[in-house]
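Remarks on the structure that follows.
Numbering (my numbering), first residue to last: -14 to 362.
Shown next, in the form of structure tokens:
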């Protein structure tokens, strides 16, 4: 059985039983664990179905030329005018820094409790935004990142990586690696020593997972990452079975054009090269990966990416995969109770992870971080 057929068989097994067969650490996957499915009542699912009917009439995201992403990026920036003032009114401090590493200069947007806050950050979230690799910026996740600051007591460092409109995919991956190494190696001394969680959505989840794989070259840095929070990511750049089977009825994304879009993002490569890690994190060694929380939607063509990656991740560390019914791609950004529930669950898991870290590391690490912060004042 070839690799693609084996992958398809594993997905069918997941859909039939909710489990993936345990074939050892060297197989494509092992048993996937979901801690417990999020409880969703009938009203939540009805609201999701109602919103999905609206999505069915909306245009799909297509990135087959440079013009559409450029126009979308301009509209996005226009919508972000006044973003810093809105955050300041909520008591959230905002600044832009430049992560410098290996000759690269990567802007990062930092959100944290305002300077007058009595409570220092309890941890750090390294955020990598989505947008199909061709649109987006570090402000794109302000809403979700501000909620992390307020509800989890963290500082969020969001990476403003270059976009694939004018930069090869390798450049985007290099930017994310540079920002992560800069942060882990003390680029922000006032946050040094605090627990760090890597977060990504969609294309950002792909870049987050690829960054974690590349950090295996520096085991001491990788072991300092305390968790991964990955939403509906792309982990196979040649297309998992659900991507290849996506039809015209697919909400949000251009189902029939998804594999072509992946090929446009990886020009000059065949599917074997597209699947080479870290370009396709699904096929890389996951040794040293931190505990992970992953989300996928049942009507998202990218669901198999998360199902299969979670299955392999379970071989090396704990993973909680939440496959949400009636959830399309990008559901976190839609005004539905389902999105609110998923975010609340995420916040609770982040808080629990930070609580666990502070119980084991506690006062010395926090004191060191505070001392570093005072030294910069």
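From the three backbone atoms N, C-alpha and C, an ideal C-beta is built for every residue, glycine too.
Source: prediction; values computed, not measured.
Problem set entry | Buried or exposed (CB count within 10 angstroms, at least 16 for buried), residue 151 | For the purposes of this step, residue 151 is taken as residue 166 along the chain shown, with counting starting at 1. Residue 151 comes out exposed.
Exercise. Terminal residues of the continuous alpha helix (DSSP H) containing residue 245?
Worked result: Counting from 1 along the chain shown, the entry for residue 245 is found at position 260. From DSSP, the alpha helix (DSSP H) with residue 245 extends over 243 to 250.
For this session: Sort out for me which residues DSSP pairs residue 334 with in a bridge.
Result: Stepping through the chain shown from its first residue, residue 334 is reached at position 349. Looking at the DSSP assignment, residue 334 forms no beta bridge with any residue, so it has no partner.
Problem set entry | Neighbourhood of residue 76 by C-beta, 6 Å cutoff - its chain only, sequence neighbours within 5 removed | To locate residue 76, count along the chain shown from 1; it is residue 91. Cβ neighbours of residue 76 beyond the five flanking positions: 99.
Exercise. Are the stretch 245 to 256 and the stretch 313 to 320 touching by the rule of at least three beta carbon pairs closer than 8 Å?
Worked result: No, they do not touch.
For this session: Could you check the C-alpha separation between residue 25 and residue 34 for me, to the nearest Å?
Result: As a position in the chain shown, residue 25 is number 40, starting the count at 1. As a position in the chain shown, residue 34 is number 49, starting the count at 1. So the two alpha carbons sit approximately 13 Å from each other.
Exercise. Between the beta-carbon of residue 237 and the beta-carbon of residue 45, is there less than 8 Å?
Worked result: Residue mapping note: residue 237 aligns to position 252 of the chain shown, counting from 1. Residue mapping note: residue 45 aligns to position 60 of the chain shown, counting from 1. Yes, the Cβ-Cβ distance between residue 237 and residue 45 is below 8 Å.
Problem set entry | CA nearest to the CA of residue 115, picked from 235, 42 and 194 | One-based indexing of the chain shown puts residue 115 at position 130. Checking every option, the nearest Cα to that of residue 115 belongs to 194.
Problem set entry | For residue 220, the three-state DSSP class (helix, strand or coil) | Residue 220 sits at position 235 when you count from the first residue of the chain shown. It is coil, neither helix nor strand.
Exercise. When the Cβ atoms of the stretch 142 to 157 are set against those of the stretch 200 to 214, are three or more pairs found closer than 8 Å?
Worked result: no
Exercise. Can at least three beta-carbon pairs, one atom from the stretch 154 to 171 and one from the stretch 86 to 96, be found at a separation below 8 Å?
Worked result: yes
For this session: Take residue 156 and list the residues in its own chain whose beta-carbon comes closer than 6 Å to its own, dropping the five residues that flank it on each side.
Result: Counted from its first residue, the chain shown places residue 156 at position 171. Same-chain partners within the cutoff: 147.
Exercise. Is residue 34 helix, strand or coil by DSSP?
Worked result: Taking the first residue of the chain shown as position 1, residue 34 is located at position 49. If DSSP states are grouped into helix, strand and coil, residue 34 belongs with the helices.
Problem set entry | Distance between residue 218 and residue 171 (C-alpha atoms, nearest Å) | Residue mapping note: residue 171 aligns to position 186 of the chain shown, counting from 1. Residue mapping note: residue 218 aligns to position 233 of the chain shown, counting from 1. Roughly 28 Å between the two C-alpha positions.
Problem set entry | 8 Å contact criterion, which residue 283 and residue 309 should meet: CB distance rounded | Within the chain shown, numbered from 1, the residue matching residue 283 stands at position 298. Within the chain shown, numbered from 1, the residue matching residue 309 stands at position 324. Confirmed, Cβ separation roughly 6 Å.
Exercise. If you draw a straight line from the C-alpha of residue 149 to the C-alpha of residue 243, how long is it?
Worked result: As a working note, residue 149 is residue 164 in the chain shown. As a working note, residue 243 is residue 258 in the chain shown. Between residue 149 and residue 243, the C-alpha separation is close to 16 Å.
Exercise. Can you check whether the CB of residue 97 is closer than 8 Å to the CB of residue 78?
Worked result: Position 93 of the chain shown, counting from 1, holds the residue named residue 78. Position 112 of the chain shown, counting from 1, holds the residue named residue 97. Going by C-beta atoms, residue 78 is nearer than 8 Å to residue 97.
For this session: Determine, using beta carbons only, whether residue 323 and residue 294 come nearer to each other than 8 Å.
Result: Taking the first residue of the chain shown as 1, we reach residue 323 at position 338. Taking the first residue of the chain shown as 1, we reach residue 294 at position 309. No. Outside cutoff.
For this session: Below 6 Å CB to CB, which residues in the same chain sit around residue 279 once its five sequence neighbours on both sides are set aside?
Result: To locate residue 279, count along the chain shown from 1; it is residue 294. Result list for residue 279: 215, 291, 295 and 306, in chain order.
Problem set entry | residue 179 vs residue 109 beta-carbon contact at 8 Å | Against the chain shown, residue 179 aligns to sequence position 194. Against the chain shown, residue 109 aligns to sequence position 124. Yes; because the gap between Cβ atoms is below 8 Å, this pair is in contact.
Problem set entry | Which residues DSSP lists as bridging residue 279, in chain order | Within the chain shown, residue 279 is the residue found at index 294, counting from 1. BP columns for residue 279 point to 215 and 306.
For this session: Report the rounded CA-to-CA distance for residue 122 versus residue 53, giving the unit in angstroms.
Result: Residue mapping note: residue 122 aligns to position 137 of the chain shown, counting from 1. Residue mapping note: residue 53 aligns to position 68 of the chain shown, counting from 1. Roughly 16 Å between the two C-alpha positions.
For this session: Would you mind reading off the limits of the beta strand (DSSP E) that contains residue 92?
Result: Translated into positions along the chain shown, residue 92 becomes position 107. Residues 89 to 98.
For this session: Identify which residue in 286, 57 and 159 has its Cα closest to the Cα of residue 239.
Result: For the purposes of this step, residue 239 is identified with residue 254 of the chain shown, where counting begins at 1. That would be 286, whose Cα lies nearest to the Cα of residue 239.
Exercise. Looking at the structure shown, is residue 120 part of a helix, part of a strand, or coil, going by DSSP?
Worked result: Numbered from 1 along the chain shown, position 135 holds the residue referred to as residue 120. Looking at residue 120 - three-state DSSP - the assignment turns out to be coil, as it is neither helix nor strand.
Exercise. What number of angstroms, rounded off, separates the C-alpha of residue 192 from the C-alpha of residue 112?
Worked result: Position 207 of the chain shown, counting from 1, holds the residue named residue 192. Position 127 of the chain shown, counting from 1, holds the residue named residue 112. Distance between the alpha carbons of residue 192 and residue 112: 10 Å.
For this session: Name the one or two DSSP bridge partners that residue 110 has.
Result: By 1-based counting over the chain shown, the position of residue 110 is 125. Answer is 141 and 182, bridged to residue 110.
Exercise. So who's on the other strand from residue 82, going by DSSP bridges?
Worked result: For the purposes of this step, residue 82 is taken as the residue at position 97 of the chain shown. Residue 82 is bridged to 93.
For this session: Would you kindly check if the distance between the Cβ of residue 222 and the Cβ of residue 259 is under 8 Å?
Result: The sequence position of residue 259 within the chain shown is 274, counting from 1. The sequence position of residue 222 within the chain shown is 237, counting from 1. Contact flag set, yes.
Problem set entry | Proximity below 8 Å, CB of residue 234 to CB of residue 37 | The residue given as residue 234 occupies position 249 in the chain shown. The residue given as residue 37 occupies position 52 in the chain shown. No, the pair does not count as a contact, with Cβ atoms beyond the cut-off.
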